[in-house]
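Okay, so here's the structure we're looking at.
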């Protein structure tokens, strides 16, 4: 089964906690603190792999978590860094952040990598908190939080040339006649339900051609398998518009040309702007009284569009068609990326975990925040130095001023996660 969309949950590794330890050796009086730092947590990294063709694996496994960093140890020993989790995806996979809908990265080529969740930073051991006043700090820093994300993976087939057209016009037959691909070919609509790729070899050169499954009216709205089909066209540089001029399906070739181009235009994403080569297929089935080919040719010439009559069944006219495709590929500029990207730098500069929320819940005044939680976890409530460190952070965040604005008075209760204390004006 060809799977080209998947939703997964990823979580990086938490940073290891710093150690609280003091040097204890014979004949070494007042050895001082020697708690080591915790190791950094592992990160979540996506990597493009040319050996993969589908997102099938993500149907069966939807949760991915990297290794946490090891806690620091005595004698200033650092904790081991958590191992990064490498998630392999096919070439052409776009990684989207579900919350914003923005692209985090586009893994086009084998080996391309994208880090979507950075591992938490290892906490500092108590050796870092020693100073001229605090000679024996009895606290250390907790490890940094892991990052969690809901990720959407979208696979868009990487091909140089895409075959488009209504169902049963001979796209699969044309692909089979020009490449070594072996697509399913039958005389009914939607024989092809997934993109098929093949390599065209011509004049010691080659390019990848994809049979994009049949487009119908309303495909741009998702009717039929619309979105699944259309998104695979976005990667291509050239489109070969295959039209059945034999009339065996009872359709008019000029109407087919107009309707398909209208669908491409309605879908957007720049697909209607791509260079299009028009291929009139099934000329071997034309009867003497059939004027479809001449009418289509006259219609296209009035719009300065060249027509290539071919027969995928007999091979007639195929070489000139491929020559034109190769010529266009060599002379067209690179495809412009129209994705709207997620701003990692902005997220790093203004992370939400630094915000301290101050609010009132009944008679209690509450403080919350991700960074505050980290410092809270690092606090030794039996050590005045550690408590002062916590209170200084709360005060500098402006949270106490917010609580006072909400009506906080001396003797009122402040709730800090599962810890409560009374407020006294200093």
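Numbering (my numbering), first residue to last: 14 to 439.
Using N, Cα and C, we set each Cβ at its ideal position, and we do this for glycine too.
The structure displayed is predicted, hence computed values, not measured ones.
Item, Value
"Residue 39 burial status per 10 Å Cβ neighbour count (16 or more: buried)", "exposed"
"Residues of its chain near residue 101, where Cβ-Cβ distance is below 7 Å and the 5 sequence neighbours each way are ignored", "60, 62 and 65"
"For residue 191, the three-state DSSP class (helix, strand or coil)", "helix"
"Length of the line joining the Cα atoms of residue 437 and residue 374", "19 Å"
"Length of the line joining the Cα atoms of residue 173 and residue 343", "11 Å"
"3-residue-minimum beta strand (DSSP E) runs that sit fully inside the region 308-383, ordered along the chain", "320-322, 370-374 and 377-381"
"Beta-carbon proximity check, residue 267 vs residue 334, cutoff 7 Å", "no"
"Pairwise C-alpha distance: residue 331 and residue 165", "39 Å"
"Continuous beta strand (DSSP E) stretch holding residue 224: start and end", "218-224"
"Assigned exposure category for residue 83 - 16 Cβ within 10 Å defines buried", "buried"
"Where residue 294 falls, given that 16 or more other Cβ within 10 Å makes a residue buried", "buried"
"Test item: CB-CB of residue 27 and residue 159 under 7 Å", "yes"
"Distance between residue 105 and residue 256 (C-alpha atoms, nearest Å)", "28 Å"
"Three-state secondary structure assigned by DSSP to residue 73", "helix"
"Closest by C-alpha distance to residue 143, when choosing among 133, 134, 154 and 135", "154"
"Proximity below 7 Å, CB of residue 25 to CB of residue 130", "yes"
"Residue 233 in three-state terms, based on DSSP", "Because the pLDDT of residue 233 is 38, which lies under 50, any placement of that residue in the model is unreliable, and the question is left without a value."
"Neighbourhood of residue 299 by C-beta distance below 8 Å, restricted to the same chain and skipping five residues each side", "258, 259, 305 and 306"
"Residues bridged to residue 392 [DSSP beta-bridge criterion]", "Beta-bridge pairing links residue 392 to no other residue."
"Residue 315 burial status per 10 Å Cβ neighbour count (16 or more: buried)", "exposed"
"Residue 352 versus residue 225 - alpha carbon distance", "21 Å"
"Nearest neighbour of residue 128, chosen from 145, 161 and 152 [CA to CA]", "161"
"For residue 305, three-class secondary structure by DSSP", "helix"
"Alpha-carbon spacing of residue 420 relative to residue 133, whole angstroms", "36 Å"
"Three-state secondary structure (DSSP) of residue 89", "coil"
"Length of the line joining the Cα atoms of residue 303 and residue 262", "14 Å"
"Of the residues 45, 20, 323 and 35, the one placed nearest residue 183, counting alpha carbons only", "323"
"Where the beta strand (DSSP E) through residue 101 begins and ends", "98-103"
"Helix, strand or coil at residue 294 [DSSP, three-state]", "strand"
"Cβ-based burial, residue 433 [other Cβ within 10 Å; buried from 16]", "exposed"
"Those residues which DSSP pairs with residue 122 across a bridge", "Paired residues: none, contrary to the question."
"Exposure of residue 311, with buried meaning 16 or more beta-carbon neighbours within 10 Å", "exposed"
"Integer Cβ distance of residue 48 from residue 138, believed to fall under 8 Å", "3 Å"
"Beta-carbon proximity list for residue 385, same chain, < 6 Å, skipping 5 on both sides", "369"
"Close beta carbons around residue 86, own chain, < 6 Å, minus the five adjacent residues each side", "32 and 49"
"Rounded C-alpha distance that separates residue 381 from residue 249", "49 Å"
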